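Engineer: Residue numbers (the working numbering): 20 to 137.
C-beta: ideal position from N, C-alpha, C; glycine also.
This one's a predicted model, so the numbers in the text were calculated from it and none came from an experiment.
Right, I'll just put the structure down here and ask away after.
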């Protein structure tokens with residue numbers, strides 16, 4: 020099972036980016052998908068989560084600016100990031116809680132870099 024993330028890049032403060040993540044492989048069920056980020060010199064932090072039933076959670080720092088949603092493709096998720104700030108800079112990682120063959124539990128995708136300039 021693999022998670023493929025895309026959509027990072029460089030943007031000016033106030034701009035927008037959309038990240039995408041797609042899971043592939045022998046997946047029976049995905050309990051949740053989430054985005055984490057890690058800024059230089061800081062610990063990885065949870066940004067947003069979407070659960071099977073559609074409920075979502077956001078870090079306080081991104082509420083009102085970021086939206087996590089399911090993609091049209093099965094087992095995919097997007098993170099729409101608006102009004103980006105310099106402090107949003109970091110490597111963004113996709114994460115999924117899967118029931119699959121052979122993995123059961125949380126898996127990580129490769130990171131995608133988001134750079135917000137002033």
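#1: Please confirm whether residue 45 and residue 120 have their CB atoms less than 8 Å apart.
#2: Does residue 95 pass the burial test, meaning 16 or more other C-beta atoms within 10 Å, or should it be called exposed?
#3: Are residue 50 and residue 56 touching if we call contact CB-CB under 8 Å?
#4: Excluding the 5 residues flanking residue 122 on each side, which residues of the same chain have their C-beta closer than 6 Å to its C-beta?
#5: Going by C-alpha distance, which of 128, 116, 112 is nearest residue 62?
Structural biologist: Walking through what the data contain:
#1: yes
#2: buried
#3: no
#4: 20
#5: 112
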